[in-house]
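The structure appears below as structure tokens.
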Amino acid sequence: MKDAAPETIYLKDYTPFGWQVSDVHLTFRLAPKSTRVISKIHFAPNPEAPAQEFFLHGEDLKLIRATIDGVEVTPEVTPEGLRCAVPDGPFLWEAEVEIAPEDNTALEGLYMSSGMYCTQCEAEGFRKITYYPDRPDVMSVFSVRIEGDLPVLLSNGNSVDRGEGWAEWHDPWPKPAYLFALVAGDLVNFPDRFTTRSGKEVKLNIWVRPGDEGKCAFGMEALKTSMKWDEDAYGREYDLDVFNIVAVDDFNMGAMENKGLNIFNSSCVLASPETSTDGNFERIEAIIAHEYFHNWTGNRITCRDWFQLCLKEGLTVFRDQQFTADVRSAPVARIENVAQLRARQFPEDQGPLSHPVRPESFQEINNFYTATVYEKGAEVIGMLKTLVGDEAYATALNLYFDRHDGDAATIEDWLKVFEDATGRDLTQFKRWYSQAGTPRVEVTEDWADGTYALTFKQHTPPTPGQEVKEPQVIPMAVGLLNPNGDEVVPTRVLEITEAEQTFTFDGLASRPVPSINRGFSAPVVLDRASSREERAFLLAHDTDPFNRWEASRLLARESLIAMICEDAGPDEAWLDGLERLLRDRDLDPAYRAMMMGTPTESELAQVLFERGHTPDPDAIHAAKEVLAQVKAERWADLLPGLAAEGTVDAPFAPDAEQSGKRALGAAVLALTSRLDGGKAARAQFASADNMTLQLSALAQIIRVGEDAEALAAFEDQWRHDRLVMDKWFGLQVGATAPENVVPRAEALTRHADFDWKNPNRFRAVMGALAMNHAGFHRKDGSGYRLLTDWLIKLDDLNPQTTARMTSAFQTWKRYDAERQALMRAELERLQAKPKLSRDTGEMVARILG
Ligand code: PHE
Ligand code: ZN
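Residue numbering for the sequence shown follows full-length UniProt numbering, starting at 1 and increasing by one per position.
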């Protein structure tokens with residue numbers, strides 16, 4: 001039996017809700033199987049809305065009773081909500097419903113995690129708590145009373161009063177229901193305080209399970225740094241008496257910006273040197289900042305509807321990226337962001353899931369919390385800032401906050417403040433929000449009589465539902481270098497608006513070498529036939545740190561492609577150039593560590609596909625192995641010195657300087673292990689006193705092969721720590737040789753601690769399987785099969801996480817006919833599952849195309 005086709009929602013159909021909500025009072029009587037939620041809501045007709053029937057969202061609720069102005073009513077209840085006849089004027093709606101948080105495995109609405117109650121309401125989870133107009137343009141003031149026999153009872157806003165077994169909260173800032181939160185449990189807090197620049201005292205708390213208090217200090221520092229940064233950089237102050245953060249173990253995403261009560265996946269807030277890697281620390285710092293910054297970009301100014309998601313997410317990602325650039329190394333942060341964009345957003349934008357930064361339709365909004373909305377959304381804001389300049393950006397943002405504070409706004413509102421602040425017409429720029437796909441920019445050049453000309457031709461390939469694309473505004477940062485390595489034309493931003501456009505530079509003494517798209521000023525793919533010599537020249541001389549790295553990346557990529565397609569050996573000139581750079585002690589160790597990286601196997605597969613080759617995952621993997629072996633042997637003399645530079649003598653600090661050194665050390669260890677059979681890695685593993693060193697050593701031990709002893713020791717040491725055990729599960733699948741990946745993942749699913757209902761644990765194994773390119777794409781289809789078996793299993797419990805993980809198949813059309821057939825068969829098997837969720841159903845249908 002197939003259910004009726006799910007409904008598609010369109011941006012063009014937006015209609016305001018027929019009523020306004022002035023205030024909401026909620027009472028929760030907590031019980032695992034039978035929580036009662038009593039709501040009192042004041043509705044008044046919305047003068048700006050067309051006449052409509054009164055409909056409140058509600059899912060999986062047991063309606064006990066409902067009254068209007070005190071008189072009992074019997075609404076018509078459907079699986080999506082209820083309809084009811086209501087008075088013409090204002091009225092008071094009261095309802096009592098029953099829900100079962102303990103049975104809520106989807107982790108949306110009110111659910112239980114390790115014995116505590118918590119909520120997740122974005123995007124449409126509030127409707128699983130009570131009947132309500134669950135849409136972001138309905139903003140209201142919430143008062144909450146919680147009754148439950150638990151020591152800690154939290155909700156949004158300020159604490160009003162509390163006693164034995166109850167607590168009352170009031171949030172003075174009108175908000176949409178998706179920002180509602182409630183937490184109740186046996187928690188302990190890690191307290192601190194912050195004084196805002198106008199002198200207001202704010203209490204800060206990080207609430208955790210007893211035993212995790214020792215992992216809060218770093219997150220707390222990050223919070224205070226973020227609060228200060230938002231005051232300095234954006235003039236934004238915090239606006240409540242208290243800011244609470246709670247760590248929960250079961251969470252579908254990273255974290256959630258509920259007003260005054262952020263809820264975090266424990267992996268995104270808990271940290272200690274013994275249990276967290278440098279990468280974890282950096283990520284935690286960025287996520288704390290991100291959620292905090294949402295207080296202004298998301299909460300004070302929210303979204304009119306879910307099509308405007310990038311309004312809050314693109315901007316907040318942009319802000320957290322600025323923050324990281326400020327508190328750490330800006331060039332390293334930029335390279336990391338672009339590497340992420342290319343690894344996650346480009347495949348999405350270049351495959352069947354491609355959608356505009358502001359989508360125009362969806363079936364399930366949960367499926368649009370994507371790299372495109374978040375990361376490309378942030379890039380679009382970066383381009384806007386580049387185009388208007390820093391000062392105008394600041395003016396426009398101030399205008400945005402002034403004009404739209406308290407609003408549920410749109411991308412049109414956002415662009416209008418820039419138009420008003422700068423006098424610019426952003427009609428064409430807006431295409432970045434409406435056109436999907438990664439633009440490709442072909443660059444050609446001309447040189448005659450001291451004049452150098454660069455010609456750009458832009459073209460965006462068709463994407464699902466969008467055959468024809470119009471030219472976009474592309475801010476292209478360009479610098480020119482003299483053949484002797486000096487910069488003759490410093491960075492200048494060329495504004496490309498036409499399909500084809502030429503820019504000239506006069507009065508040059510000799511033909512320059514161009515450095516194009518500096519700092520990755522636009523999220524495009526450059527198609528430019530440049531020589532190896534020119535790339536090697538830029539690797540040696542470019543003053544733009546991003547493009548210097550980019551030169552190395554392209555040399556590495558072309559070398560690997562030649563190794564795969566032409567049986568060539570690694571590019572010697574590149575390796576020499578890279579070696580010179582690695583020997584340059586003036587360069588930041590973190591930067592040198594990034595220079596040692598090579599393109600991912602998935603990226604190589606994409607490039608081969610674009611060039612008309614059928615990517616062979618085994619051949620790609622083999623080429624990377626050969627290259628690493630060649631590097632190791634060639635640099636045998638260089639490595640010990642680099643290892644010394646990558647060693648930290650001071651007590652552990654998770655800062656940019658130390659983590660850069662350790663990153664260099666890890667890159668070196670990955671090569672050394674190819675020479676000594678893992679000896680150095682085993683020594684490092686034995687002596688490591690922090691997780692960064694312990695894990696980078698374990699990765700090499702696994703890669704080399706004899707890992708049973710180390711894995712057992714690690715498990716013994718960390719069995720009690722869920723977050724560390726996630727690493728143990730994930731690394732075994734991630735670092736294993738391709739032929740062992742599937743058997744290993746399969747064996748791990750039978751491990752007693754494979755708690756697959758926990759999204760972190762599920763992702764640790766299944767995410768690592770999907771990310772291990774050659775392992776996942778085994779020719780026998782075993783990788784596809786194993787993942788699908790588990791997606792089928794998880795879909796009944798947790799549609800959101802299942803749906804996200806189907807994107808492992810989004811690149812299926814790159815591969816050979818046999819693999820395509822195998823992947824199609826698995827996708828169809830998933831599609832045929834009885835009671836497939838709307839989330840997963842939409843994803844599979846889009847991927848199949
Ligand atoms: N809004 C959250 C963020 O980006 C992400 C999120 C979305 C969390 C949906 C949970 C559910 O910060
Ligand atoms: Zn966000």
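From the three backbone atoms N, C-alpha and C, an ideal C-beta is built for every residue, glycine too.
Buried or exposed for residue i, going by 16 or more other Cβ atoms inside 10 Å?
| i | result |
| --- | --- |
| residue 834 | exposed |
| residue 752 | exposed |
| residue 863 | Residue 863 lies beyond the range of the chain shown here (1 to 849); nothing can be said about it. |
| residue 700 | buried |
| residue 295 | buried |
| residue 209 | buried |
| residue 354 | buried |
| residue 854 | Residue 854 is absent from the structure shown; the chain starts at 1 and stops at 849. |
| residue 375 | buried |
| residue 334 | buried |
| residue 846 | buried |
| residue 367 | buried |
| residue 621 | buried |
| residue 15 | exposed |
| residue 83 | exposed |
| residue 798 | buried |
| residue 64 | exposed |
| residue 1 | Confidence in residue 1 is poor, its pLDDT being 38 and thus under 50, which makes the residue's placement unreliable; the coordinate value appears in the next sentence. Residue 1 is exposed by the Cβ-count criterion. |
| residue 5 | exposed |
| residue 484 | exposed |
| residue 197 | exposed |
| residue 76 | exposed |
| residue 726 | buried |
Under 7 angstroms, do residue i and residue j count as touching if we go by C-beta distance?
| i | j | result |
| --- | --- | --- |
| residue 313 | residue 373 | yes |
| residue 180 | residue 121 | yes |
| residue 262 | residue 245 | yes |
| residue 286 | residue 324 | yes |
| residue 853 | residue 488 | No statement about residue 853 is possible, as the shown extent of the chain runs from 1 to 849 and does not include it. |
| residue 443 | residue 518 | no |
| residue 631 | residue 675 | no |
| residue 848 | residue 822 | no |
| residue 808 | residue 770 | yes |
| residue 776 | residue 767 | no |
| residue 800 | residue 839 | yes |
| residue 802 | residue 786 | no |
| residue 271 | residue 218 | yes |
For residue i, report the span of its beta strand (DSSP E) as first-last.
| i | result |
| --- | --- |
| residue 389 | That residue, residue 389, is in no beta strand (DSSP E); it is neither H nor E in DSSP. |
| residue 306 | It is not in any beta strand (DSSP E) - residue 306 carries neither H nor E in the DSSP assignment. |
| residue 117 | 116-120 |
| residue 621 | Run containing residue 621: none in the beta strand (DSSP E); it sits in the alpha helix (DSSP H), 617-634. |
| residue 28 | 19-29 |
| residue 337 | From DSSP, residue 337 is part of no beta strand (DSSP E) but of the alpha helix (DSSP H) over 330-340. |
| residue 490 | 487-496 |
| residue 458 | 451-459 |
Please list the terminal residues of the continuous alpha helix (DSSP H) segment that includes residue i.
| i | result |
| --- | --- |
| residue 545 | 545-566 |
| residue 574 | 572-582 |
| residue 683 | 679-687 |
Give me the residue from the options with the minimum Cα distance to residue i.
| i | options | result |
| --- | --- | --- |
| residue 222 | 238, 175 and 281 | 281 |
| residue 507 | 447, 393, 442 and 492 | 447 |
| residue 454 | 579, 526 and 381 | 526 |
| residue 564 | 617, 327, 522 and 755 | 617 |
| residue 172 | 219, 157 and 478 | 157 |
| residue 80 | 588, 129 and 182 | 129 |
| residue 502 | 568, 358, 75 and 476 | 476 |
| residue 20 | 29, 5 and 50 | 50 |
| residue 238 | 250, 225, 798 and 580 | 225 |
Contact criterion: CB-CB distance below 7 angstroms. Does residue i meet it with respect to chain C?
| i | result |
| --- | --- |
| residue 609 | In the displayed structure, chain C is absent; only one protein chain is listed. |
Threshold first: 3 residues or longer. Then list the beta strand (DSSP E) segments lying entirely within the stretch 139-224, N to C.
Whole beta strand (DSSP E) segments, 3+ residues: 140-147, 152-155, 158-163, 166-175, 182-185, 188-195 and 201-208.
Which residue spans inside the stretch 34-76 form an unbroken beta strand (DSSP E) run of at least 3?
Listed in chain order, they are 35-45, 54-57 and 62-68.
Could you give the uninterrupted runs of the alpha helix (DSSP H) lying entirely in the stretch 407-448, keeping only those of 4 residues or more?
Listed in chain order, they are 411-422 and 431-434.
Continuous beta strand (DSSP E) assignments of at least 3 residues falling wholly in the stretch 502-538
Those beta strand (DSSP E) runs which fall completely within the stretch 502-538 and span 3+ residues are 513-516 and 525-527.
Which residue spans inside the stretch 729-783 form an unbroken alpha helix (DSSP H) run of at least 4?
Within the stretch 729-783, the complete alpha helix (DSSP H) runs of at least 4 residues are 738-749, 759-762, 768-771 and 773-776.
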